[in-house]
Amino acid sequence: MSDTATRPLPVGHYTYDQVDHDFLRARVEQFRDQVARRISGELSEDEFKPLRLMNGLYHQLHAYMLRVAVPYGTMDARQVRMLAHIARTYDRDYGHFTTRQNIQFNWIRLEDTPEILEQLASVEMHAIQTSGNCIRNVTSDEFAGAAADELVDPRVHAEILRQWSTLHPEFTFLPRKFKIAISGSPHDRVAARFHDIGVVAKPGPDGAVRFEVFVGGGMGRTPIVGVRIHDHLPEEDLLAYLEAILRVYNAYGRRDNIYKARIKILVQALGLDAFREKVEAEFAAMDRARYRLTPETVAAIRARFGTPDLIAPADAPAKLAADRAANPHFDRWARTNTHPHRAPGFICVAVSVKPAGGIPGDATSHQIDALADIAERFSFDELRVTHMQNIVFGHVRQDELLALWHALGEAGLATPNLGLIGDIIACPGLDYCALANARSIPIAQKISARFADPTLQEQIGRIHVNISGCINACGHHHAGHIGILGVDKKGEEFFQITLGGSAEDDAAIGQIIGPALPEDATVDAVARLIETYLTLRQEGERFLDTYRRLGQAPFKDSVYATA
Amino acid sequence: MPLLESGVLAADPWRPAAEDEPIGAGDVIVPLARLDEGLARSDPGRLGVLLPPEAEPSALRAALPGLSLIAVTFPIFRDGRAFTQARTLREHLGFTGEIRATGKPLPDQYEFLRRCGVTTVEVPEGTDPAPWAREHARFDVAYQPSILNETREGFALRRIPG
Ligand code: SF4
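Chains as they are written, first to last, in the UniProt record's numbering: chain A, 1 to 563; chain B, 1 to 162.
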């Protein structure tokens, strides 16, 4: 609010001004009104449902769930503390970080939601469009603004897309939900090809920002890798072009069957060329001046982002090297849980919210507070939620990494398994979700416990294990190097294994290797798959590489050949 | 049926064409299938047409000069095709007459409707206009261009909706 004039702007995200605050307050009042109309019976549940969904309020198996938006995954410590407060006050003392870089609270009372939203609004947060058939929270690279390999910081454009899509008059009652991700690095950390629209920002020949646009990707029942619809979209046309895509989708997307309503089905049905033709026709007919994203607009939004002062002592790298040499546990963690930073003397830290045997993505209010403290002490007051359900501190001085690691250890957050087999993505599954066939969480816990030994995990190396409790694929099992899908076999929970998926530059959809197995047999099967890989791998190969080189046969045999 | 305009109830001078009867005189809304008949009508009065959600607005291009009203429709409030139809009519086809929302839109969609170019909303008999008026006045700011000529708020993408 007015204090932003005197305080430096928070690092890493857009700072609201009075107009933004007033808007959010009006939105909270609108929802308070809607809740009151529902409680009085003026609104039927059928009428209330899309309205509460537009405010991130789901009805789950046992209670309401509130999903709070974390735009491009970035928050400051004040916002993080508010989440801890909500977990403590209105939930069962924990929150759950999601693959959409959001956080959800699983045990919320309908009557409390207007108050919760009001408190969130006081720290510039909301739950707008975290569900419903609208443009969802825009996700971005967890190392944005920090990664050594980044070409364009995607958060300014992510914020522009957030604002543009907020209560968009035309695209709030689409055939189905709509997810946009934006990255500014050649290494795809946002799964751009698995989104309704994936945007990759890059510098054009003249230095101005250009966008590569992918469309029609997605998981779910029909996993499809998105296709490139534009190779070099100029910055000023970003909104116009996205409007054109969404208009075509809103007009022609199927509405008769929710499983065929995503844009990927439309793109497949028309074919990319015919789809692109429609988009181009719409784009050509538009009043482009009206939708033009001007350099002034971009600059005005950029100016409301705080930037970190990246100055580290000259001996920071030497101090880190000495700290690592002196402590093998710290060294191991630093090996797995950090990422190169663009500035000398700095490093990015990825915190695993997946302790051995724990529930992927769950954090207690105590841990959430600890994360806020650490952000404040070590990372310019800023942290990011990742699409792997972990937490990133973007800008950490190398000479302070050891102290940060100790602070994480005290909060039980120093598990050295980032990108390793313990870093499992699992959907909420039958413990929470009414659509589930099977529980995803216990099997994730069992696999994580089975491979608890950090030395073994490091030996196995980089691998993605993804678990979904049903065909809706919220755990992105199709994109897992090892994917596990819960199925129902005559009322019993079984699991189907897929191999070879990837959500990165080498995006691919995993293939089923054989009949589904019961829970414990599935855990054993994963162990055998890993053994097979360890036996057959060549120097430098990840699990995925070995699988791709040798094909399914040896892996399949290891699981199904009866001894 | 009652009509809402700018958040208040207004009189409706229009009537739907009666089935199996000549269109007759007056301000009449015809189904799309009877558009040609309407355009050829010799009785005095204005002509409107009902555009079903699956129809292409461009199908009306040739007829636009003879049309004073186009009704778009929400079979259920979740079916948002009419938003795009209304915008297409305004933005690409330059239609300046009345665009009326029929079917089952909710008060909570009122500003979306208006910002996509809808001017009036047909509501069921006995509708309390208060929630519509409330939603009409709810927001002082919007975050994206619309087809209305809204004043810029002075910062980035923001507009002051009318
Ligand atoms: S994948 Fe299925 S079980 Fe898991 S959260 Fe999604 S809908 Fe629920």
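Here a beta-carbon is modelled for each residue, glycine too, at the ideal position from N, C-alpha and C.
Asked                                                                                                                                 : Found
A/Ala-436 Cβ short of 7 angstroms to the ligand SF4 heavy atom set                                                                    : yes
Cut-off 7 angstroms between Cβ atoms - residues of its own chain near B/Pro-131, not counting five sequence neighbours on either side : Pro-107
C-alpha distance - A/Asp-557 paired with A/Phe-543, whole-angstrom precision                                                          : 16 angstroms
Residue closest to B/Thr-120, alpha-carbon to alpha-carbon, out of B/Thr-73, B/Pro-161, B/Ile-23                                      : B/Thr-73
With 16 other Cβ atoms within 10 Å as the buried cut-off, status of A/His-62                                                          : exposed
Cβ neighbour criterion (16 or more within 10 Å) applied to A/Ala-321                                                                  : exposed
Cβ shell of A/Glu-541 (< 8 angstroms), same chain only, five flanking positions each side left out                                    : Arg-549
B/Ala-71 versus B/Gly-48: straight-line alpha-carbon distance, rounded                                                                : 7 angstroms
Span separating the alpha-carbon of B/Ile-160 from that of A/Ile-108                                                                  : 34 angstroms
Three-way DSSP call (helix, strand, coil) for A/Gly-551 in this model                                                                 : coil
For B/Thr-102, the residue or residues it bridges with in DSSP                                                                        : B/Thr-73
Proximity test, Cβ basis, 8 angstroms: B/Arg-87 and chain A                                                                           : yes
Same chain, Cβ closer than 6 angstroms to B/Ile-147, five either side skipped, listed in chain order                                  : Arg-87, Arg-90, Glu-91, Gly-117
Test item: CB-CB of A/Met-65 and A/Gln-104 under 8 angstroms                                                                          : yes
Any non-hydrogen atom of the ligand SF4 within 7 angstroms of A/Pro-428 CB                                                            : yes
Test: residue 174 of chain B CB closer than 8 angstroms to a CB of chain A                                                            : Because chain B is modelled from 1 through 162, residue 174 of chain B falls outside the range shown and cannot be assessed.
Rounded straight-line distance, which links the Cα of A/Gln-445 to that of A/Asp-237                                                  : 46 angstroms
Top-ranked residue by Cα proximity to A/Ile-513, from A/Pro-186, A/Trp-164, A/His-478                                                 : A/His-478
Cutoff 8 angstroms: A/Met-286 Cβ touching any chain B Cβ                                                                              : yes
Alpha-carbon spacing of A/Ala-147 relative to A/His-339, whole angstroms                                                              : 7 angstroms
Start-to-end residues for the beta strand (DSSP E) that takes in A/His-96                                                             : 94-97
Closer than 8 angstroms at the beta carbon, the chain A residues around B/Ser-6                                                       : Going along chain A, no residue has its Cβ under 8 angstroms from B/Ser-6, so there is no contact; the nearest lies around 16 angstroms.
Nearest to residue 569 of chain A (by Cα), restricted to the options A/Arg-302, A/Met-125, A/Ser-185                                  : Residue 569 of chain A lies beyond the stretch modelled for chain A, which goes from 1 to 563, so this question has no answer here.
Test item: CB-CB of B/Ile-29 and B/Leu-50 under 8 angstroms                                                                           : yes
Proximal chain A residues relative to B/His-92, where beta-carbon distance stays under 7 angstroms                                    : Ala-285
C-beta contact flag for B/Ala-156 and A/Ala-69 at 8 angstroms                                                                         : no
Interface residues of chain B facing A/Glu-47 [CB-CB closer than 8 angstroms]                                                         : Phe-77, Leu-106
Same chain, Cβ closer than 6 angstroms to A/Ile-471, five either side skipped, listed in chain order                                  : Arg-221
Whole-Å CB distance - A/Ser-183 paired with A/Pro-154, under 8 angstroms assumed                                                      : 6 angstroms
Length of the line joining the Cα atoms of A/Asp-423 and A/Val-200                                                                    : 26 angstroms
Beta-ladder partner(s) of A/Asp-488, from DSSP                                                                                        : A/Glu-493
Near the ligand SF4: A/Asn-472 beta-carbon under 7 angstroms from a heavy atom                                                        : yes
Beta-carbon neighbours of B/Thr-84, restricted to chain A and to distances below 8 angstroms                                          : Glu-170, Arg-247, Asn-250, Ala-251
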